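Report on one structure; see the data block that follows.
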Amino acid sequence: MENLQEELQKELENKFIEKNFNLFQDKNTISLLINVAKKDINILRDCYENLLLKKDYLNIYYQFSVHVEEERVILKAQQIESTLTFKDFKLFLVNLIDLFEPIYPLGTLVSLKKEYLNNIFRESEIKEVYFVITHRFISNESTNVYFQYAGVPFPIGNLGMKEFFNFTSPLIDEVIHSGYSNNQEVAFVYMMKRELILEKEYKSIGFASKEERNEFQNLIKK
Numbered sequence: 157m158e159n160l161q162e163e164l165q166k167e168l169e170n171k172f173i174e175k176n177f178n179l180f181q182d183k184n185t186i187s188l189l190i191n192v193a194k195k196d197i198n199i200l201r202d203c204y205e206n207l208l209l210k211k212d213y214l215n216i217y218y219q220f221s222v223h224v225e226e227e228r229v230i231l232k233a234q235q236i237e238s239t240l241t242f243k244d245f246k247l248f249l250v251n252l253i254d255l256f257e258p259i260y261p262l263g264t265l266v267s268l269k270k271e272y273l274n275n276i277f278r279e280s281e282i283k284e285v286y287f288v289i290t291h292r293f294i295s296n297e298s299t300n301v302y303f304q305y306a307g308v309p310f311p312i313g314n315l316g317m318k319e320f321f322n323f324t325s326p327l328i329d330e331v332i333h334s335g336y337s338n339n340q341e342v343a344f345v346y347m348m349k350r351e352l353i354l355e356k357e358y359k360s361i362g363f364a365s366k367e368e369r370n371e372f373q374n375l376i377k378k
């Protein structure tokens, strides 16, 4: 299974580099940022948050910096400088984060961050609430948005409710128990990432606008 995972991961990397090469005209810059995504996806999330605020970003350890101007971004990675439009770099970061975000198997038991649970449960219940992942890559053809996960509370399930709890990868606080994984699982995750992110350019709902989120949530409730 590990060999297949490495093979398909490398294929995703190559497809991503090929798709974005014209933006940078430099394979090494894209490869460096892919390596950052694989090592610590939170670095790229921080970079994205700074980008939205039109703030510069510097990471000394991985030797890259982002200078944000009104309509363009200047990225410097290991002394190689690239200039992109603000819109192009934003989309590049979104795709990069979504593509290399780990996806947990069905049956994985997780706890979620309290700020998400405050809208669903009483404060006294939050410490005891866990979720079992039952669905992944929840999408609708009417939008270009998807949820990474949906799940039910553990151990009670949904008690006959039609609704599942939808959530994104950044909302996961801790993985309590990982679900079963084999070559079929690895191939499925690869296929979904390739189709949704690389081919259709879908984005996870955490990167969607308020209007896009509302539209998508209304669609999946039907």
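First residue of the sequence shown? That's 157 in the numbering used here, and the numbers climb one at a time after it. Note that beta-carbon positions come from the ideal geometry of N, C-alpha and C, so glycine has one too. These figures come from a predicted structure and were not determined experimentally.
If you compare alpha carbons, which of the options is closest to residue i?
{"i": "residue 175", "options": "319, 338, 244, 197", "result": "244"}
{"i": "residue 352", "options": "172, 216, 204", "result": "172"}
{"i": "residue 294", "options": "360, 233, 271", "result": "360"}
{"i": "residue 195", "options": "256, 162, 321", "result": "256"}
{"i": "residue 250", "options": "376, 349, 374, 367", "result": "349"}
What's the call for residue i, buried or exposed, on a 16-neighbour Cβ count within 10 Å?
{"i": "residue 358", "result": "buried"}
{"i": "residue 267", "result": "buried"}
{"i": "residue 356", "result": "exposed"}
{"i": "residue 343", "result": "exposed"}
{"i": "residue 216", "result": "exposed"}
{"i": "residue 254", "result": "buried"}
Just the C-alpha distance for residue i and residue j, rounded to the nearest angstrom, thanks.
{"i": "residue 178", "j": "residue 347", "result": "24 angstroms"}
{"i": "residue 331", "j": "residue 305", "result": "13 angstroms"}
{"i": "residue 252", "j": "residue 291", "result": "22 angstroms"}
{"i": "residue 383", "j": "residue 159", "result": "Only positions 157 to 378 of the chain appear in the structure, and residue 383 is not among them; the question remains open."}
{"i": "residue 187", "j": "residue 372", "result": "33 angstroms"}
{"i": "residue 222", "j": "residue 182", "result": "16 angstroms"}
Helix, strand or coil, according to DSSP, for residue i in the structure here?
{"i": "residue 255", "result": "helix"}
{"i": "residue 177", "result": "helix"}
{"i": "residue 373", "result": "helix"}
{"i": "residue 342", "result": "helix"}
{"i": "residue 221", "result": "strand"}
{"i": "residue 396", "result": "As displayed, the chain neither begins before 157 nor continues past 378, which places residue 396 out of reach and without an answer."}
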